[in-house]
Structures are given as structure tokens and as C-alpha cells.
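J.: My structure is below; once you've seen it, I'll send some questions.
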Amino acid sequence: MKKFLAIVAAVVLVSCASAAMAAYPEKSLTAICPWGAGGGTDSCLRAFCQALEKQLGQPVVVDNRTGAGGVTGHEAIADADPDGYTFGMVTFEYVTYKAMDVSDYKSYVNYDPICRLNADPAGITVNKAWAEKNGIANLNDFIAYCKANPGKVRMGGSSANSVWHIAGGYFMNVAGVELKMVTYPDGAASAVQAAAQGVDIEGVTVSLAEARSFIESGNLICLGLMAENRINNEIFGSIPTCKEQGVEAFYATWRGLAFPNGVDSAIRTKLADACKAAVNDADFVKYMTNAGLGIAYLDGAEFKAFLEQQEEKDVPAAMKAAGIEI
Amino acid sequence: MKKTQTKAFANLICSLLLLIFEVWAYVETTGFRVHKRAFVQPATFPQIMICGMFIFTVILFLQSLLKVTRGMKPEDPDNELSPSINPFTHRGVAAAMFVVVLCVLYTYLFDKLGYVLDSACISIIIMYLIGKRDLKVIIPISIIVPLIMWFVFYKLLTVNIPMGVLQPLRELVDKL
Amino acid sequence: MNWSLLFDSYVNVFTSVQVIGMTLLGALGGILLGAVPGMTATMGVALLIPFSFGMDLISSIGLLLGIYCGGMYGGSISAILIHAPGTPSAAATLLDGYPMCQKGQAGRALSIAMFSSFCGGVLGALVMTFLSPLVAQMAMKFTSAEMLMLAFFGLSVIVSISGKSIAKGLIAAFFGLLLATVGQDPTYGAKRFIFGFRPLLSGFSFIPTLIGLFAIAEVIAGVERIISGEEKQQKSEEKITNVLPDLKTIGKIWPNIISGGLIGTFIGAIPGAGGDIAVFVSYGFNKSSSKHPELWGTGIPNGVAATESANNGCSGGAMIPLLSLGVPGDAVTAVLLGAFIMKGIQPGPMMYVNELPTVYRVFATLMLANLAMLLVGCAGVRFFAKIVSVEKKMLYPIILVVSLLGAFSINKSIFDVGVCVLFGVVGYLMNKFEFPLSPILLALILGPMCEQNFVRFVDVNNGNFWEILHRPIAVGFFVVSVATILFSIYNQRKINKREAANRKQ
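Written as C-alpha cells, this is what we have:
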């Protein structure tokens, strides 16, 4: 009798579960965005959600949960109800939180990564007039100049401990030079502005999308892109990579999607498949191209391994080099 | 009127409390992290601000002390009766404090009851408290206003607001 | 300047039904959003971007600029009527707007605010059309040293908004600057005044603090007044015959409108400085140059005109670096930048070369947006003015629940609701003991700007602060700031003496 009951119970459970799965999603989904409405991450997520809606047939509502430098929103993703209807966009910053002691959560432990969507490499971009004055035409000239003047060259990142600030530290490690990293809490735009004027700082370590208008106007020149390959479009196509010039530097900011832990595996697979399809959606691809953002898809398992590598090895080393004290 | 009832005396007490606050805040800043490579330490800026506050608190303190001990001209604005914060002698102050307590409770219950219910409750209580006793008016108003606000925020601006026990309402609106 | 192209662009924009419709819709939405404390123009623009996906570029820019201009004016409605600035840029409007409302001139204050907003906006749009490259070059010169001194200049206005006691005003200002340091330090990320409480890491959120200090404090004080029988119900006896101010009033306020509009445009053009700073600078400047500074703060039309023209001037100003350099001038234009990019247009110097017709159409659209704001505003004045005649016993609880929702919706954080209540109590006590509130507000806006740029300037110059003497713009601002402080102290003494004389009589 007990056995029979157990079998009945199992059958009921399985059928319920599969019924739930077959019906998923039966209501609207919520996508948590840890950054403010209208920002780069928010726009990227909103564009992606439109593509995802086409795949799922249900609306995906973006919920901006801002505050505490993104900590609030990232924690909200980890703490969300794991019913499969809430996921969130995670960004580079969250691999630094544990090390900075602003959150107890680890990127690859307390979250269930779904996929990585995008990655934008950092570039070593300097003021053109300054470069010409000091006879700097390429990355190796720049490194030689930095070695001759240790700690003299001032580079702007974004706010303290942000992705671009750490990018500077990473470059220092790889190239064996000493730069003076200057923080711009207002964001990368003001750093780019200062570099374009050649006041306060000589260059920036931000992505090309951030520096685009001043590269186009000829105030700034990008010496090397920290990526495997050149960017395949007419605006940035002429910019060389660090690798071409013999410096093995690969560093990028990225954005991905994550569930809270404990989501039913069938539901998880369904959403992950929908995301994989949505990445190739024509409108989304067009948006990303227009915005100057690179699509760099990684599936859940790859993304998880990538996060672990970042959080445990790459980022702490770069933070140390950038002079960030914890 | 006694000297202790004038605004000058109230200022004296205020400045004393502020001085205590400043000393405490300064002690607190000494515990901030010291950054080896920094030219300006994280504690520097708050310390300058505390010093600035300290200087003007001392000025206020001395001004009020002189006024209290030496007496004031009758036309001095500080010679007027100071406002009270004693809830036992002033019903108005007691009501204000009650509203503050309600607000604290409101914050505590915000996600448990949900915005609409929580707001309706606080609004009915305050309206009743301050003398609007016509329940036929205050109950509908108190429910309709938060409901409209919620609807506008949720539906038009896609801002998700906790609904607490009224969650089924949200699902109803979703279906429509 | 290509005149025929400019003319064609205007014709093109002003004859397109879709663009006009979208702009009007945007202005209406903006005014309503702006009027709700906690809902800002930035939020409105950001939330509507997805709706503009399907439209052509100029229609969607029209919609967004309509919200922007409408929101700037909308903030003043709640500032005037219920002592709660709907947007940070309206924070200075209540200095004179609310007293006007208490005198039973709510409708007049609203129409002056609207008219000044329109004029300021048009002035900003004109500067943008004709002087963009020049202003952009000037704005680009603002890096750490200049920003530091600009912040200092903004702070120098505090003396003139301090009220009777300068000591109390400055205590409030330094307290505000201290509050602004709560959270992680912007340069090194060190934790300050956190007490192990993580929601404080990013400090007190600005908008909940603002709503608490003004709206919630007013509700608490209002309840106290009602119970002790001091509250007088305002009868809406004011007959609003004309929704625009009469010629006599315009004759009095036009100098304030012009100077406010220009100050707003220029400060708006500097990336990182926006309407919230411009309104106070304009208020301080116009008060100091007035013949009767003692009347400022008691509810005079000039005060409303000076601030409202400044915040709408900002919308034109903030567009200048966006279009000519690709650098957004404030939070709203940062969102607009995203909208341009989404349509495949990168604002910046190349836009003037490759997309000149688009640039000119954007100029025309901004003008249209200001007109739309005026039109919608005119239709709404009578309606909004009615709010005053709602019975106070019902109005206060409603203000309370609406404001607390506004505080919540910024970050969707219940902690922010608590912050709002906390500052409600702080504001109530400060009001009671005659500590002015506006200096705290200005300090909260300028504090981080001051600190960041100071630390950065010293850092890039390896500890040598006196490098600043090599930065002429910064030195200029410093001199002007010191002059402002001295002049305001002199002015305040004059005001206090006059008042003492009045009391004696």
C-alpha cells in the first residue's frame, strides 16, 4: 500500500511538474536591472527583453532596483523567488562585491548564471596632441614612455573600483608599467571629456563606445584594444588590438543573465534556450550594433566557469595592481 | 515670560546638542580607513565639514549665551516665546508625534500589507485624528487615491509596487 | 549658420502632425509626472524610451523633449501648491512659490512659473540654435579645478538663502555637506558613517531626502497646526481670469526671466551640473541684485520667475554638449543620448557634418516642446489651482501617501521610505527652531561634486593644491564666490536692520 501511494505521489508530482513546464511561462516575467533606467545596461536589457518576449510569448517587465553601486539589485536577483519568473541582468561589478566586503554573495556560488550576452573590450586611449608631442604612435611607444616615466602617466577610469578602473590595473600587470589611475565617480563620460581636453589626465582605459565621439573628432586616439580580434565595423575597424602589437592583454566588461539558485531545471532550460534564440534576433543585433556593443554569447556552464575565473583570479590581481585597498 | 522660554534659550540648547553631535561625528571619522597612496584621506573632507559646523555652532552658542545672560532688547526676534516640543502640554505636538509613529509603522508594514492597504489605513487614521469624522467621505477617498496611484505606477510606468495581501488584484489587472 | 536649412527644418517639424501630437503628449505626461514628488523627468524619459522604438527619430525626440520640458515645469506645481518640489530642479521655486500660495495667489504663482518656464526654455533653445559650438567649447573647459570652484560658487549662494540667522544657515549647510559624505567615499570606496548597515553604502538617496525634508515635514507641521487650531483653510477666492500673467507683472519680472534663463542655459551646458544647481545660483544672483532683497522669500513673483526660467533654460543648455560633443549635460540628456544611438545616430562633432538636417530639426523640436508645454500648461492652470481649495484635513494624508510612494519608487527600496520619514522629522524640527532647509538641500547636491573634484585635483597634481592658480576660470569663479558671500552678508545685515526698525514702530 505504501509503495502504491509512493508511486501515485510520484506520478502526480511528475505530471504536475511537467504540466507546469509545458505551461511555462503562463504569466509575465520580471527582469531585475541593478542599474538605473536609461543607462547602458538598462537599455541593453530592455532591447533584449523585447527580443525575449517574441520567443516566450509573454511580456518581460524590467524592474530597476538601483542603489549601493549595484549591490541592491544584484542581491535582489539572488534573493528572488526561484519560481522561474524572476531573473536579472548581472554586470561585471558583481564579481568585485565579495572582495570589497559590500555583499556576502559570490557571483558563481549564490547565483545560477543563464548566459552571457555581451562583452566590450577596454582600450588604451590617449589624448592625440599629448601622444604626438611625446612621439607616441603605437602601444609599444606608450609602454616605453610609461617605463621611462613610472607613475607619471595619469589615466582615467570610471568610478572607484569600477570595471574601467580595474582595467587600468590589469594593463599595468600585463605590460609591467606603472600608471597613475584617477577615478571619476560621475562615470566614464567625464573622464573621457578630461582626456579629450588633455587636462588632469593623459588618457582613459574605457571601452570604445564610451570614447567614440572624441575618437571620431580626432581628440583621442586608441592605441590598443584589449581583445582577441579587431572590431568588425567601419568606425572601429582601423583600431589595432594589443595582441597584434605583442601585448597579451584581454580585458572587457560584460553583461549576462542569472537566475536565483533553485529554479526548476526544466524551466531553466526553457528560458536558457529562449535567451539563446533571442540573442540572434535581428532587432536586438541591430540595436547592439548601433549602440557599439559587442555580442559575446556564453552558455550557462561556460559563463559560470568564466565568473569563477574572474572572481577568484583575474580581478583580485588587477585590483591589487590598480592600488585598490580592501 | 521666563528667560528659559525665549527663542534665545532654545538656541542655546540646540547649539549644545549640536556640539555633542559634532564631537561624536569627529571621533567617528578617526576610524575611517587610511589610504596609503592618497593625498586627501577619505576622512579629511568630513572632518573639514565638522570643523565648519563646529565654528558656527560655537558662534550660535556664544550669541545665545550673551542674549540669555545679559538680556535682550524687546524688539529682538530671539526674545519671543520659543515653540514647544512637549507633547504633554501641547496637543498639537502630541498629534505630530503620533503621525511620526504612524509613519514608522507604515514603513514597517509597507511590504507586508502592500502599498494600497497600508496607505488606506494610515490615511483613514490621520484624517479621523485631525477632525474629519465623516466616514462616508474619508474611507472611499483613502482607498481610491492609493489605488489610482498604484494603477498609474504599475500599468503606465511599469513600476512594480508591493501589493502584499492584495496581490490577487495585481493578477486581476494583469489578466485584463 | 545655414538659414534656409534652418527654416526648412522648422517648417518640417511644425507641419508634421505626428511630431506635434507626440510632443504635446510628451508635454502633458511630463507635467503630470513632474508634479508627483519622486517622479522626475529623467524617470519619465527613461520609461518612455521603449515606446519610442517604433517611431521615427524626430517624433520620438519630440516625445522625449516634451517630457523633459513639461517635467521641468511640472515640478514647480507641487512646489507651489503643497510645499513638495516635484523634481530637484523645483526646490528653489518653493522659496517664493509656496508663500505666494499661502497668500491666496496660487493661480498667479502657477501662471508666472509657466510663463517663466516657457521664456527660459525659449531662451535656452535660441542659445542652443545659434551659439552651440561656442558654448560647447566653453563647457568642455570644465574639468576638476573648474568644477570644484563652480561647486564652491554654488555654495556661496547659501548665505543669501539662509534667512535671518547666517550662523544657522551655515550650520545647516555644513550639516548637509556632512550628510553627503555618508556612504562609500567616491574616490577610494572607503566606508564612512555606515555603522555596519549596508543599505547606507550609497548614502542617503537624494530624492527621498528631499521629499522628507519638505513634503513630509510640512504634513507633520500641518497636523500640528490643525490640532492646535492655527491652521487656516485657504478659500480659493482667487479668480483666475487669465492663465497668463498680466503685462504689469511681466514688466516687473522680465529681468529675472532673462538672467535666470541665461544662467540656466550656461550651467545646464556644463556636464555634471544641472537644473538643481542653476535654480539656486539664479535665485541668489537675482536676490542680491534686487532693490528689495528683504521681500525675497515672502512670496514675490520675481523669485518664482528667476528659478523657473533657470530650470527650463537648462533643457536647452544640456542639449548643447550632447549634440555638439556627444557628452550629455545631465541625466535626462544621458537618456536622450541612448535614444539617438538606438536610432543609429551618434551625437558629436561628426553629427554636424553628416546629419546637419537632423541637428536643425532637433533645434526646432526643442522650440516646439516649449510651445507644447505652454499650451498644455495653460490648459491646466485652473485645474491645478483647485488643489488648494481641497480641505486641508483631507489633503495632508493624501500628500503623505503620495509622497512616500514617490520616495519608494526611485530605487524601489523600503529603506528609502524610512529615510524619507527620518528626514521628515529632521525637517519638522529644523523648521520649528528656524534652521533653514534649503542650505541642506544645496549642500547635498554640491557636496559630492565639491569633494570628488577637490580630491581628484589634488591627486592629479601630486598633492599640490596651488596648481589651481594656473586655472584662470577656476580662479575667476573663486573671486566671484567670495564677492557673493561678502555681498550677501552685507545684504542680510541691511535686511535685519530694516526689520528691527519695523518691529520698533
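Chains as they are written, first to last, in numbering that gives the first Met the number 0: chain H, 0 to 325; chain G, 0 to 175; chain C, 0 to 504.
Think of the CB as a built atom: it goes at the ideal place given N, C-alpha and C, for glycine as much as any other residue.
1) Would you say residue 87(G) faces chain C, with C-beta separation under 8 Å as the test?
2) For residue 206(C), decide whether its Cβ has a neighbour in chain H, counting only Cβ atoms nearer than 8 Å.
3) Report yes if the CB atom of residue 220(C) is closer than 8 Å to the CB atom of residue 427(C), and no otherwise.
4) Chain C beta carbons: is any one of them nearer than 8 Å to that of residue 339(H)?
5) Starting from residue 171(G), follow its DSSP beta bridges and name the residues at the other end.
6) If you draw a straight line from the alpha carbon of residue 197(G) to that of residue 454(C), how long is it in whole angstroms?
7) Have a look at residue 16(C) and residue 286(C) and give me their C-alpha separation to the nearest angstrom.
8) Could you work out which residue in 457(C), 487(C), 275(C), 434(C) is closest to residue 289(C) when comparing CA atoms only?
9) Can we say the region 150-158 of chain C touches the region 346-364 of chain C, given the rule of at least three CB pairs closer than 8 Å?
10) Comparing C-alpha positions only, which one of 217(H), 167(H), 282(H), 93(H) sits nearest to residue 142(H)?
11) Report buried or exposed for residue 29(G), applying the criterion of at least 16 other Cβ atoms within 10 angstroms of its Cβ.
12) Measure the C-alpha to C-alpha separation of residue 14(H) and residue 22(H) and round it to an integer number of angstroms.
13) Is residue 123(H) helix, strand or coil when you go by DSSP?
14) Could you pull out every residue in the same chain whose Cβ sits closer than 6 Å to the Cβ of residue 116(C), ignoring the five residues on either side in sequence?
15) Excluding the five sequence neighbours on either side, which residues of its own chain have a C-beta within less than 6 Å of the C-beta of residue 126(G), listed in chain order?
16) Would residue 50(G) be called buried (16 or more neighbouring beta carbons within 10 Å of its own) or exposed?
17) For residue 183(C), list the residues DSSP reports as bridge partners.
18) Listing by chain order, which chain H residues have their CB less than 8 Å from the CB of residue 173(G)?
19) DSSP puts residue 31(H) in a beta bridge; with which residues?
20) Residues in its own chain within less than 6 Å of residue 146(G) by CB, not counting five upstream and five downstream?
21) CB residue 69(C) to CB residue 25(C), shorter than 8 Å?
22) Output needed for residue 133(C): all residues of its chain with C-beta closer than 8 Å, excluding positions within five of it in sequence on either side, in chain order.
23) Rounded to whole angstroms, what is the Cα-Cα separation between residue 87(C) and residue 94(C)?
24) Below 9 Å on C-beta distance, what does residue 506(C) contact in chain G?
25) Under 8 Å, do residue 259(H) and residue 79(H) count as touching if we go by C-beta distance?
26) Does the beta carbon of residue 39(H) sit closer than 8 Å to a beta carbon anywhere in chain G?
27) Residue 206(H) bridges to which residues according to DSSP?
28) Using the DSSP secondary-structure output, state which residues sit across from residue 298(H) in a beta bridge.
29) From residue 530(C) to residue 10(C), what distance separates their C-alpha atoms?
30) Need the endpoints of the beta strand (DSSP E) that residue 179(H) sits in, please.
31) Please state if the CB of residue 434(C) and the CB of residue 170(C) are separated by a distance shorter than 8 Å.
32) Name the DSSP beta bridge partners of residue 257(H), please?
33) The alpha helix (DSSP H) with residue 48(H) in it runs from where to where?
34) Whole angstroms is fine: what's the gap from residue 365(C)'s alpha carbon to residue 65(C)'s?
35) Determine whether the beta carbon atoms of residue 158(G) and residue 152(G) lie at a separation below 8 Å.
36) According to the Cβ coordinates, are residue 129(H) and residue 197(H) closer than 8 Å?
T.: Reading from the atomic positions:
1) It does not: the Cβ of residue 87(G) has no partner Cβ on chain C nearer than 8 Å.
2) Chain H contact via Cβ: absent.
3) Yes. Within cutoff.
4) Summary: the structure shown does not reach residue 339(H), with chain H confined to residues 0 through 325, and so no result is reported for it.
5) The partner list for residue 171(G) (beta bridge, DSSP) is empty, contrary to what the question assumes.
6) No answer is possible for residue 197(G): it lies beyond the span of chain G, which begins at 0 and ends at 175.
7) When rounded, the separation of the alpha-carbon atoms in residue 16(C) and residue 286(C) is 43 Å.
8) The shortest C-alpha separation from residue 289(C) is found at 487(C).
9) The region 150-158 of chain C makes no contact with the region 346-364 of chain C: fewer than 3 CB pairs, one atom from each, lie closer than 8 Å.
10) Nearest of 217(H), 167(H), 282(H), 93(H) to residue 142(H), Cα basis: 167(H).
11) Looking at its Cβ environment, which holds fewer than 16 other Cβ atoms inside 10 Å, residue 29(G) is exposed.
12) Interpretation of residue 14(H) is limited by its pLDDT of 47, a score under 50 that renders its predicted location unreliable; the figure taken from the coordinates is listed afterwards. Going by the C-alpha atoms only, they are around 12 Å apart.
13) DSSP places residue 123(H) in strand when its eight states are reduced to three.
14) Scanning its chain for C-beta atoms nearer than 6 Å, with the 5 sequence neighbours on each side dropped, one finds around residue 116(C) the residues 72, 307, 311, in chain order.
15) Excluding residues within five positions, the ones whose Cβ falls inside 6 Å are 137.
16) It is exposed - the Cβ of residue 50(G) has fewer than 16 other Cβ atoms within 10 Å.
17) In DSSP, residue 183(C) forms a bridge with 190(C).
18) Listed by position along chain H, the residues whose Cβ is nearer than 8 Å to that of residue 173(G) are 26, 27.
19) Residue 31(H) is bridged to 62(H), 87(H).
20) Correct list, in chain order: 115.
21) In contact: residue 69(C) and residue 25(C) (Cβ atoms closer than 8 Å).
22) If we look at residue 133(C) and ignore the five residues flanking it on each side, it has no Cβ neighbours.
23) Straight through space, the alpha carbons of residue 94(C) and residue 87(C) are spaced by roughly 13 Å.
24) Examination of residue 506(C) is not possible in this model, given that chain C is present from 0 through 504 alone.
25) Yes; because the gap between Cβ atoms is below 8 Å, this pair is in contact.
26) Not one chain G Cβ lies under 8 Å of residue 39(H).
27) Partner(s): 121(H).
28) DSSP, once it has assigned bridges, lists 114(H) as partnering residue 298(H).
29) The question about residue 530(C) has no answer, for chain C in this structure spans 0 to 504.
30) Residue 179(H) -> beta strand (DSSP E) spans 179-181.
31) Residue 434(C) is positioned such that its CB atom lies closer than 8 Å to that of residue 170(C).
32) In the DSSP assignment, the residues bridged to residue 257(H) are 87(H), 112(H).
33) Looking at the DSSP string, the run of the alpha helix (DSSP H) that includes residue 48(H) is 39-55.
34) In this structure, the alpha-carbon of residue 365(C) lies about 8 Å from that of residue 65(C).
35) Their beta carbons are under 8 Å apart, which means residue 158(G) touches residue 152(G) by this criterion.
36) Contact flag set, yes.
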